[in-house]
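Engineer:
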Amino acid sequence: MSDPGRGHHDMGGLPAGPVERGEHDYALWEKRVDALLMLLSDKTRDLVRVDELRRGIEQLGSGAYDELSYYERWIASITGVLLGKGVFTSDELGRKMAEVEARAAGDRT
Amino acid sequence: MTARFAPGDRVRVRWAHPPGHIRTPYYVRGKTGVIERICGSFRNPEELAYARDGQPVRPLYRVHFDQGTLWPDDQGRANDGVEVEIFEHWLEPAGAAKEGGT
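In the order they appear, the protein sequences are chains A and B.
Residue numbers 1 to 109, in this note's numbering, belong to the letters of the first sequence in order.
Residue numbers 1001 to 1102, in this note's numbering, belong to the letters of the second sequence in order.
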């Protein structure tokens, strides 16, 4: 388990609990993240490849990897890839996130 | 691209742990298996993961491992196996000097 040659995500063959076999619904935001990747990875855009997505997820670090849910890992990785390619800057993303947050707060009141 | 190995060849997965995005699972590294089929040639995902073009394409093989080779403590049936798709640059002829693992 503590072998430095093994990536944290590379857990094939390690002891694990039982497989959760129940079906579950996806939240709207999870479907949106999925759709976002489909659009970003299509042939015309080719901005985020599945290999880049996986690399970004592996680079989250063991703490975030374990804490984040499946689609949270996706959006964290997609964000990193797009930042790296200059599709948007951290500043632009941060301002947009604050704007959306304010809008959502306004909707709640 | 010409494939170095053919179905039936015994191969050993390299015992290597480079940093970066690796497509060869840890549990098969250093293990010996048999080429089950040649899947075709594809761009290298270990390069595609870093936004490079992944060229030249490389042969990808499906390699069969006996379950007992991977997990000696496994209590499964004697004929149980695992097949893993592995790119050519991770494989050596099984006759090559042993670098580690089993």
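Built from N, CA and C at the ideal position, the CB exists for glycine as well.
If we define contact as Cβ-Cβ less than 8 Å, is ARG54(A) a contact residue for chain B?
Structural biologist: Sequence index remark: in the first sequence, residue 54(A) carries index 54 (1-based). It does; some Cβ of chain B falls within 8 Å.
Engineer: Counting Cβ pairs closer than 8 Å, one from the region 1058 to 1072 of chain B and one from the region 1018 to 1037 of chain B, do we hit at least three?
Structural biologist: Touching, per the Cβ criterion.
Engineer: Interface residues of chain B around ARG6(A) at Cβ under 7 Å?
Structural biologist: Counting from one through the first sequence, the residue named residue 6(A) turns up at place 6. Near ARG6(A) (Cβ distances below 7 Å), the residues of chain B are TYR1026.
Engineer: Whole angstroms is fine: what's the gap from ARG54(A)'s alpha carbon to GLU1036(B)'s?
Structural biologist: Residue 54(A) sits at position 54 when you count from the first residue of the first sequence. Residue 1036(B) sits at position 36 when you count from the first residue of the second sequence. For ARG54(A) and GLU1036(B), the distance between alpha carbons rounds to 27 Å.
Engineer: In this structure, what does DSSP give as the bridge partners for PHE1042(B)?
Structural biologist: What you label residue 1042(B) is simply residue 42 of the second sequence in a count that begins at 1. Its beta-bridge partners are ARG1058(B).
Engineer: Measure from the C-beta of GLU58(A) to each C-beta in chain B and report whether the shortest distance is under 8 Å.
Structural biologist: For the purposes of this step, residue 58(A) is identified with residue 58 of the first sequence, where counting begins at 1. Yes, GLU58(A) lies at the interface with chain B (some Cβ there is under 8 Å from its Cβ).
Engineer: Taking 8 Å as the CB-CB cut-off, is ARG10(A) touching chain B?
Structural biologist: Mapped onto the first sequence, residue 10(A) falls at position 10. Just to set this straight, residue 10(A) is Asp in the shown sequence, not Arg. Answer yes: the Cβ-Cβ gap between ASP10(A) and chain B drops below 8 Å somewhere.
Engineer: If distances are taken between C-alpha atoms only, which option among ALA64(A), ILE75(A) and PRO18(A) comes closest to VAL50(A)?
Structural biologist: Here residue 50(A) is taken as the residue at index 50 of the first sequence, counted from 1. Minimum Cα distance to VAL50(A) is reached at ILE75(A).
Engineer: CA-CA distance, ARG21(A) and THR1002(B)?
Structural biologist: What you label residue 21(A) is simply residue 21 of the first sequence in a count that begins at 1. What you label residue 1002(B) is simply residue 2 of the second sequence in a count that begins at 1. Approximately 43 Å, taken between the alpha carbons.
Engineer: Rounded to a whole number of angstroms, what is the C-alpha to C-alpha distance between ARG103(A) and ARG73(A)?
Structural biologist: Residue mapping note: residue 103(A) aligns to position 103 of the first sequence, counting from 1. Residue mapping note: residue 73(A) aligns to position 73 of the first sequence, counting from 1. Approximately 25 Å, taken between the alpha carbons.
Engineer: With DSSP as the reference, label LEU40(A) as helix, strand or coil.
Structural biologist: Within the first sequence, numbered from 1, the residue matching residue 40(A) stands at position 40. Note: LEU40(A) maps to helix in three-state DSSP.
Engineer: From ALA105(A) to ARG32(A), what distance separates their C-alpha atoms?
Structural biologist: As a first step, residue 105(A) is located in the first sequence; it is residue number 105 there, counting from the start. As a first step, residue 32(A) is located in the first sequence; it is residue number 32 there, counting from the start. Near 20 Å, if we compare the C-alpha coordinates of ARG32(A) and ALA105(A).
Engineer: Does the Cβ of GLY8(A) have 16 or more other Cβ atoms within 10 Å, making it buried, or fewer, making it exposed?
Structural biologist: As a first step, residue 8(A) must be located in the first sequence, where it is residue number 8. A quick correction: the sequence has His, not Gly, at residue 8(A). HIS8(A) comes out exposed.
Engineer: Whole angstroms is fine: what's the gap from LEU37(A)'s alpha carbon to ILE1022(B)'s?
Structural biologist: On the first sequence, residue 37(A) is found 37 positions in, with the first residue counted as 1. On the second sequence, residue 1022(B) is found 22 positions in, with the first residue counted as 1. Each residue's alpha carbon lies about 21 Å from the other.
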